[in-house]
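Since the structure comes first, as structure tokens, the remarks are kept for the end.
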Amino acid sequence: MINSIGRVLPEYSEGYGEIRPFAGINKNVSNSEYMNRIDTVKKHKASKRRNNLAELIRELEIKDGMTLSFHHHLRNGDKVLNMVMEQVAEMGIKDLTIAASSLFPVHAPLVGWIQKGVVTSVIASYISGPVAQSISQGDLKYPAIMHTHGGRARAIESGELVIDIAFLGAPTSDCCGNINGVQGPAACGTLGYAVSDAEYAKKVVAVTDNLVPYPAERVAISQEYVDYVLVVDSIGDPDGIVSGTTQITRNPLGLKIAAQAVKVIEASGYLKEGMSFQTGAGGTSLAVAHFLKEKMLEEGLVGSFASGGITGCLVDMFEQGMFRALLDVQCFDHEAIRSFRENSRHQAMSASKYGNPHNKGAVVDQLDVMILGATEIDQDFNVNVTTGSDGCIMGGSGGHSDTAAGAKLAIVVTQLVKKRNPIVKESVTTVTTPGESIDVLVTERGIAVNPRREDVRKQLLQAGIHLVDIKRLKEMAYELTGEPQALDKDGRIVAFVEYRDGTLIDVVRKI
598 MINSIGRVLP EYSEGYGEIR PFAGINKNVS NSEYMNRIDT VKKHKASKRR
648 NNLAELIREL EIKDGMTLSF HHHLRNGDKV LNMVMEQVAE MGIKDLTIAA
698 SSLFPVHAPL VGWIQKGVVT SVIASYISGP VAQSISQGDL KYPAIMHTHG
748 GRARAIESGE LVIDIAFLGA PTSDCCGNIN GVQGPAACGT LGYAVSDAEY
798 AKKVVAVTDN LVPYPAERVA ISQEYVDYVL VVDSIGDPDG IVSGTTQITR
848 NPLGLKIAAQ AVKVIEASGY LKEGMSFQTG AGGTSLAVAH FLKEKMLEEG
898 LVGSFASGGI TGCLVDMFEQ GMFRALLDVQ CFDHEAIRSF RENSRHQAMS
948 ASKYGNPHNK GAVVDQLDVM ILGATEIDQD FNVNVTTGSD GCIMGGSGGH
998 SDTAAGAKLA IVVTQLVKKR NPIVKESVTT VTTPGESIDV LVTERGIAVN
1048 PRREDVRKQL LQAGIHLVDI KRLKEMAYEL TGEPQALDKD GRIVAFVEYR
1098 DGTLIDVVRK I
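The C-terminal residue of the sequence shown carries number 1108 in the numbering used here, and the numbering is unbroken.
If you want it as structure tokens, here you go:
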């Protein structure tokens, strides 16, 4: 079958079930009731504390075919997933589903467990490194499922994704399982991606290297959701939090693009008192925040909030008085962790509050401006941040689709060409975010406005901003690189890309 953006999909897949095709950004409105939080009342145990992982796994009665979940707040410094899976594999347990909020290069040992059949299914919002390569090559028995951050919370809370056991890296915990992320040797700040797992998993294990006297302070996940507290030597390296995509670009082209994006924000009318703002973690996106700060200081503006994965750039703006609050689902660096620890107006939010399209109100719906990156963008404004142009998985939506759908002005910032590859194309390799939710594209060669946003086009023209048709930007890119060779569309499906509402927007095929 074919979905609303023309992507060919199967009607059914083993390990996934019946396919619900993407029909549009606001077409699949949930009418299902959410699950009750699971097993919040249990028989009292004398003690939740455990000191031996192997003994705990036996006590948990992990069986073949179960689903284990993990959060990614330690990003490329995480040790919890590998630690747990090594022990599970030694015990001969197999056919497991790993439901991780994201996977990074540090999780490379998963490749061996995938190849041996210990892990046969992977569900995540973002996958990079050796695990992404392995899945792309077809090592995983069943196609991986790639959610958005908000879509993952929706799937858990609606019962689509049932977690048997959640292993939650806990930078600090007391003996009853009151967890915070702001204290301890592996402090990571907020724990927004772990909240749904804690509240809805059948069993929950807090894995900590910093056990404190009861009661713990600054509780992010409360004891009534936690079954066991496992004390280990180390849950991870907090220096791994700052990995990959959390540094401002120094590239002159990227800086030019960022400056142009701020002009677009100003001309569109959203640079105003009380504005709300979010930026992705890419270098050019972070540069937009830098130039926006200068403009807000110049005009004496104070925004309502900045949100998302919070970086030092946004902390700097917040501490200089440019935003009244920060709404934080994940700290991207040490400055963000410090700010969250010290300032009550730097607020935590769960992934569900952040971007779940089927709850009673997500933060993304309160956004004025969202700055997004793109691995590829096509002439219909569809964006790919899931695969490279070679079709290999190298990321995923994260909050990309959630914020694009919610923000009043969603701006993609990218160079026209990178490493001899066109970024603006006739058709993206993989659709992550549908074009109907993207409003403006800013490149170093020109600015294009989605025809759906005639209002924005008129505002930019009135401000004297020169606009270029996106098809002309595509032609410019092809003039520099040549037309890219089409990939095989008939190979085995290795991953399903879900939109935030749980419908299927695209598939990834074996490379």
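We treat Cβ as the ideally placed atom computed from N, Cα and C, and that holds for glycine. It should be emphasised that the depicted structure is a prediction, and the values quoted were computed from it without experimental measurement.
Go to residue i, then tell me how far its alpha helix (DSSP H) extends in each direction, as first and last residue.
| i | result |
| --- | --- |
| Y951 | 948-952 |
| F937 | 931-939 |
| K860 | 849-864 |
| G747 | 746-755 |
| T1000 | 997-1003 |
| I732 | 727-733 |
| L606 | Note, L606: premise wrong, no alpha helix (DSSP H); not H, not E. |
| L898 | Segment: none, L898 is in no alpha helix (DSSP H) and carries neither H nor E. |
| I654 | 650-657 |
| K1060 | Lys is not the amino acid found at residue 1060; the sequence shown has Ala there. Taken as a continuous stretch (DSSP letters only), A1060 belongs to no alpha helix (DSSP H), as it is neither H nor E. |
Going by beta-carbon coordinates alone, are residue i and residue j separated by less than 8 angstroms?
| i | j | result |
| --- | --- | --- |
| V548 | L924 | In the structure as shown, the chain begins at 598 and stops at 1108. Residue 548 is therefore absent and cannot be evaluated. |
| S610 | A763 | no |
| L1057 | S865 | yes |
| L765 | V802 | yes |
| P702 | G726 | yes |
| I818 | L788 | yes |
| V980 | T881 | no |
| G774 | V859 | no |
| E870 | V899 | yes |
| S722 | G993 | yes |
| A798 | P835 | no |
| T1029 | V1105 | no |
| I659 | I690 | yes |
| I776 | K676 | no |
| V728 | L693 | no |
| V861 | R815 | no |
| S733 | V1039 | no |
| E1095 | H744 | yes |
| I654 | L1101 | no |
May I ask you to report which of helix, strand or coil DSSP gives residue i?
| i | result |
| --- | --- |
| S644 | coil |
| G906 | strand |
| M967 | strand |
| V703 | helix |
| S722 | coil |
| G880 | helix |
| T984 | strand |
| E1095 | strand |
| V912 | helix |
| V1053 | helix |
| F978 | coil |
| T1078 | helix |
| G1043 | strand |
| I760 | coil |
| I1024 | This sequence places Ser at residue 1024; Ile is not what is there. Coil at S1024, not helix or strand. |
Within the continuous beta strand (DSSP E) that includes residue i, where are the two ends?
| i | result |
| --- | --- |
| R921 | 920-928 |
| M743 | 741-743 |
| H943 | 943-945 |
| R1106 | 1101-1106 |
| A697 | 693-697 |
| T1040 | 1037-1040 |
| L827 | 825-828 |
| L1006 | 1006-1010 |
| V801 | 800-805 |
| S666 | 664-667 |
To which residues of the same chain is residue i closer than 6 angstroms at the C-beta, ignoring the five residues directly before and after it?
| i | result |
| --- | --- |
| I742 | I720, F1093 |
| A791 | H668, L765 |
| L889 | V859 |
| G958 | none |
| A750 | S793, A948, S949, N953 |
| G621 | S601 |
| V823 | G774, V801, A803 |
Go through its chain and collect everything with a Cβ distance to residue i's Cβ below 7 angstroms, but skip five positions before and after it.
| i | result |
| --- | --- |
| E757 | G1099 |
| P782 | D806, N807 |
| G906 | A878, V926, Q927, F929 |
| E1023 | D975, Q976, K1071 |
| R672 | F701, G837, I838, S840 |
Confirm the yes/no value for this check: CB of residue i, any heavy atom of the ligand GTP, distance under 7 angstroms.
| i | result |
| --- | --- |
| H670 | As far as ligands go, the structure on display features none, and thus does not contain the ligand GTP. |
Among the residues of its own chain, which have a CB less than 8 angstroms from the CB of residue i, if the five just before and after it don't count?
| i | result |
| --- | --- |
| Y613 | Y739, P740, I742, F1093 |
| M946 | T787, G789, S904, L924, D925, V926, V960 |
So is residue i in contact with chain C if we call contact Cβ pairs under 8 angstroms?
| i | result |
| --- | --- |
| N679 | You won't find chain C in this structure, because it holds only one protein chain. |
| message | Counting beta carbon pairs with one atom in the stretch 824-840 and one in the stretch 872-879, are three or more of them shorter than 8 angstroms? | response | no
| message | Between the stretch 1058-1071 and the stretch 996-1008, can you find at least three pairs of beta-carbon atoms closer than 8 angstroms? | response | no
| query | Should the stretch 849-864 be called in touch with the stretch 699-713, which here means at least 3 C-beta pairs below 8 angstroms? | reply | no
| Counting Cβ pairs, one atom from each stretch, are 3 or more of them under 8 angstroms apart for the stretch 908-923 and the stretch 956-974? | Contact between the stretch 908-923 and the stretch 956-974 is absent, because fewer than three Cβ pairs lie under 8 angstroms.
| message | Quick test of the definition: if touching needs 3 or more C-beta pairs under 8 angstroms, does the stretch 984-991 touch the stretch 1040-1053? | response | Result no; under three Cβ-Cβ pairs closer than 8 angstroms.
| field | Cβ contact check for the stretch 903-918 and the stretch 709-718: 3 or more pairs under 8 angstroms | value | no
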